[in-house]
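As C-alpha cells, the structure follows; a few thoughts come after it.
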Amino acid sequence: MSRTKKAVRNSMVGLITQLLTLILSFVMASVFVKTLGGEYLGANGLFSNVIAILSFSELGVGAAIAYSLYQPLHDGDMTRIAAIMAFFAKVYMCVGLLIIALSICILPFLDMFVKGNMIPNMGLYFFLFACNTAVSYFLSYKRTLLIADQKSYVTDTNNLWSKLLVAVFQIGFLFFHNYLGFLIVQIVGTVVANLLINRKANQLYHDVFALKNTRMSASDLAIIKKSTMGIMGQKFGSIVVRDTNNLLVSSFAGLFITGIFTSYMTIFNGIQMIISQALNALIASIGNLTADNNSERLHTWLKRHIFLTWTIAYFSAVYLLSLITPFVRIWLGDNYRFSFLITLFLVLNFYISQTRMTFLSFVQAQGLFVKMGIKSMVEAVLNLILCLVFLFILKMGVLGIILGTTSVHILLNIWFEPRLVYKDGFGKRVPAGYFAVYGLKLTYTFGVGVLIYICAEMIFGSGILDFVGRTLFTTCVSIAMYLLVTIKNDAFIFYWNYLKKNLIHKGMGLIKKENI
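Residues 0 to 515 (numbering that gives the first Met the number 0) make up the sequence shown, in order.
Have a look at this one:
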C-alpha cells in the first residue's frame with residue numbers, strides 16, 4: 000500500500016475515532032455537571048493538568064524512539080527494531096514508577112492549587128488519577144511501533160472501543176454520584192485496552208518480539224539521547240504554556256471558574272484531538288519519505304500540508320466563533336459560558352496552534368528536536384512571565400492568562416518554526432512573502448468569523464432549532480468565503496482532484512454496480 004493511501008486510511012480512522020471520542024466527552028461533561036456539579040468538573044480538570052506536568056518525567060523519550068524507528072522499519076531491520084523496543088519498555092516502566100512517586104510527594108501540597116475549599120477525598124482521587132497515567136506507561140510502549148509503522152488505525156480502533164465501554168460504566172457511576180467508582184473504572188479500562196493492543200502488536204510483529212537479549216547500538220542510543228534533549232525542551236514548553244495556564248485559573252479563580260474553563264477546553268481539546276489525529280497520521284509518512292532522501296517531493300508535501308492546516312484552522316475558527324457560546328448555553332447552561340472577548344482570544348490561540356501543526360509535524364518527522372527544544376523552553380518562561388504580568392499587574396483575570404499565550408505565539412512561535420524547518424530541514428530561506436500571507440490569512444479568517452457571528456446574533460435565538468439554523472448559516476457563508484480565495488490555489492486543486500478520483504468516482508462506481 001502506498002504512503003498516501005496509508006496516510007489517508009490512518010487519518011480517516013483517526014478522524015472518526017476522535018470525533019466519537021469528542022461526542023463522548025460532551026456527554027460525560029454534561030452528566031458530570033448535572034450529577035456532581037461544576038466543582039468536581041473543575042477538580043477533574045485540575046487533576047489532568049497536574050498529572051500532565053508530572054508526565055514531564057517522560058522527557059519526550061516516546062517521540063524520540065518513534066523517530067528512531069522510521070529508518071529500521073524502512074529497511075526491515077528486525078534486530079534493530081527489537082533492540083529499540085526493549086530499551087523503550089525499560090524506560091516507560093521507570094517513567095510509570097516515577098509518576099507514582101511524584102504524585103505521592105505532591106499530595107500534601109494539593110490545596111495550593113485550589114482557591115477556596117477542596118472537594119472531599121481530593122487526595123485519594125488525585126492518586127487514582129496518577130495511577131491511571133502510570134499504568135498506561137507500564138503497558139503502552141508497543142503502540143508506538145504500530146504508529147511509526149503507519150498502522151495507527153489499529154491503535155485508534157482499540158482506543159475507540161475501550162473508551163465506549165469505559166464511558167458506559169463511568170456514566171453509571173456518575174448517576175449514583177460515585178466519583179471513586181468513576182476513577183476505578185478508568186484504571187481498569189486503561190489496563191484492558193493496553194493488554195489488547197499489546198497482543199495485537201505481538202501478532203503483527205512476532206519476528207521482532209521473538210528476538211531476545213538484543214542490545215541497542217551506540218549510534219541508535221546517541222540518536223535517541225540527542226532527540227530526547229530537544230523534545231524535553233518542547234515538552235517543558237508545551238506543559239508550561241498549556242497546563243500551568245489551567246493551574247493559574249484554578250489557583251486564582253477557584254474550582255467553579257476552573258470548571259467553566261475545563262468545559263471550554265473540552266471543546267477545544269476535543270477538536271484539537273480530532274485534527275491532531277488526522278494530521279499525526281501523516282507524520283510517519285513524512286518520516287518515511289525523509290528516509291528516502293527525496294527533498295523535492297518532501298517540499299511539495301510541505302506546501303500542501305501548509306494549505307491543509309490553514310483550511311482546517313479557517314473552518315475551526317469560524318465555526319468556534321459562531322457556535323461555541325450558544326452550544327455551551329444549550330449544553331451546560333448560561334452560567335457556564337465566557338464573554339465573547341475571552342472566547343475570541345481562546346479561538347485566536349486555537350487558530351494559531353492549528354497553523355503551527357505543519358511545521359511541528361515536519362520537526363518531528365525530520366528530527367529537528369534540539370533547536371526546537373531550546374525555543375520551547377524560552378516560550379515557557381516568556382509565557383509564564385506574560386501571564387503573571389497580565390494577571391497581577393494589569394489585573395485582567397482569566398483574559399490576562401489567555402492573552403499571555405497569544406503574545407507568546409505572536410512574539411515567538413509564528414516566525415521561529417517555519418524558519419527552523421526551511422533552514423535546517425531543507426537548507427532554504429523562508430519564502431518571500433510567507434509572513435505577509437500568514438497575516439492576511441489570519442485577518443481574513445477572523446474577519447469572516449466575526450462577521451458571521453454578528454449576523455447570526457441578529458438572526459437567531461438561543462434554542463436548539465436556532466442552533467441548527469445558525470450552524471447551517473455558518474456552513475454556507477464560511478464555504479462561500481473560503482472558495483472565494485482558494486478555488487484557483489494549486490494545493491486546493493490537488494486536494495479536489497484527489498477527492499474526485501478516490502471518493503466521488505469510486506462512489507459513483509459502487510452505485511453503478513448496485514444498479515446492475
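C-beta: ideal position from N, C-alpha, C; glycine also.
* Measuring CA to CA, which of Trp300, Ala209, Lys427 and Thr404 is closest to Asn490? -> A small fix is needed here, since residue 490 is Ala in this sequence, not Asn. Comparing Cα positions, the closest option is Trp300.
* Identify, in the order they occur along the chain, each residue of the same chain with its Cβ nearer than 7 Å to the Cβ of His408, setting aside the five sequence neighbours on each side. => Asn348 and Ile351
* According to the neighbour-count rule (16 or more other Cβ atoms, all chains shown, within 10 Å of its Cβ), is Cys475 buried or exposed? -> exposed
* Asked: On the premise that Val191 lies in contact with Gln169, defined as a C-beta separation below 8 Å, what is that separation, rounded to the nearest angstrom?
  -> Not confirmed; about 14 Å, so no contact.
* So what does DSSP say about Gly506, is it helix, strand or coil? -> For Gly506, the predicted model reports a pLDDT of 47, less than 50, meaning its position is unreliable; a value from the coordinates is still stated below. Here Gly506 sits in helix by DSSP.
* Applying the criterion that 16 or more other CB atoms from any shown protein chain within 10 Å of the CB defines a buried residue, is Asp148 buried or exposed? -> buried
* Is DSSP giving Arg8 helix, strand or coil here? -> helix
* Taking the C-alpha atoms as reference points, what is the distance between Leu411 and Glu378? -> 7 Å
* On the three-pair Cβ rule with 8 Å, is the segment 158–175 touching the segment 210–221? -> no
* Asked: Do you know whose CA, among Leu402, Tyr433, Ile401 and Arg428, lies nearest Ile413's CA?
  -> Tyr433
* Minimum length 4: unbroken alpha helix (DSSP H) runs contained in the segment 288–364 -> 294–330 and 339–354
* **Alpha-carbon to alpha-carbon, Ile256 and Leu210** => 53 Å
* Asked: How should Phe174 be labelled, buried or exposed, when 16 other C-beta atoms within 10 angstroms of its C-beta is the threshold for buried?
  -> exposed
* **For Ala221 and Ala62, the rounded distance between their alpha carbons** => 15 Å
* Give every residue of the same chain whose Cβ lies closer than 7 Å to the Cβ of Tyr39, excluding the five residues on either side of it in the sequence, and list them in chain order. => Phe31, Ile118 and Tyr178
* Asked: Using DSSP with H/G/I as helix, E/B as strand and the rest coil, what is Ile170?
  -> helix
* To do: Alpha carbon to alpha carbon, how far is Leu483 from Gln202? Give it in angstroms, no decimals.
  => 50 Å
* Out of Gly41, Ile274, Asn197 and Gly44, state which residue places its alpha-carbon closest to the alpha-carbon of Thr16. => Ile274
* To do: Give me the Cα-Cα distance between Leu72 and Thr357, rounded to the nearest whole angstrom.
  => 23 Å
* **Environment of Ile510 [buried if 16+ CB atoms lie within 10 Å]** => Low local confidence applies: a pLDDT of 39 at Ile510 is under 50, so the model's placement there is unreliable, with the coordinate-based value given in what follows. Exposed is the call here.
* Nearest residue (CA-CA) to Val380, options Leu106, Val240 and Ala166 -> Val240
* Apart from the five residues just before and just after Leu322, which ones in its own chain have a Cβ nearer than 7 Å to its Cβ? -> Arg469, Thr470 and Thr473
* Neighbourhood of Lys512 by C-beta distance below 8 Å, restricted to the same chain and skipping five residues each side -> In this predicted model, Lys512 has a pLDDT of only 45, less than 50, meaning its place in the structure is not dependable; the value taken from the coordinates is given anyway. Around Lys512: no qualifying Cβ.
* What do you get for Cys104, buried or exposed, if any count of 16 or more other CB atoms within 10 angstroms of its CB means buried? -> exposed
* **Rounded separation between Thr78 and Ala88 - CA only** => 16 Å
* Asked: Does the distance from the C-beta atom of Val369 to that of Lys225 stay below 8 Å?
  -> yes
* Using a C-beta cutoff of 8 Å, does Lys224 count as contacting chain B? -> Note that chain B does not occur in the displayed structure, where there is just one protein chain.
* Asked: Just checking, does the segment 36–50 make contact with the segment 259–268 on the three C-beta pairs under 8 Å criterion?
  -> yes
* Drop a sphere of 10 angstroms on the beta-carbon of Gly13, count the other beta-carbons inside from all chains shown, and report buried for 16 or more, exposed for fewer. => buried
* Does DSSP classify Met111 as helix, strand or coil? -> helix
* Asked: Are there 16 or more other CB atoms within 10 angstroms of the CB of Leu340, so buried, or fewer, so exposed?
  -> exposed
* Asked: When burial is assigned at 16 or more other CB atoms within 10 Å of the CB, is Ser477 buried or exposed?
  -> buried
* Verify whether the separation of the beta carbon atoms of Met84 and Phe137 is less than 8 Å. => no
* Asked: Helix or strand or just coil, what does DSSP make of Ile183?
  -> helix
* Asked: Going by the beta-carbon positions, is the gap between Leu320 and Gly448 smaller than 8 Å?
  -> yes
* To do: Enumerate in chain order the residues of its own chain whose CB-to-CB distance from Ile384 is below 7 Å, with the five nearest sequence positions on each side excluded.
  => none
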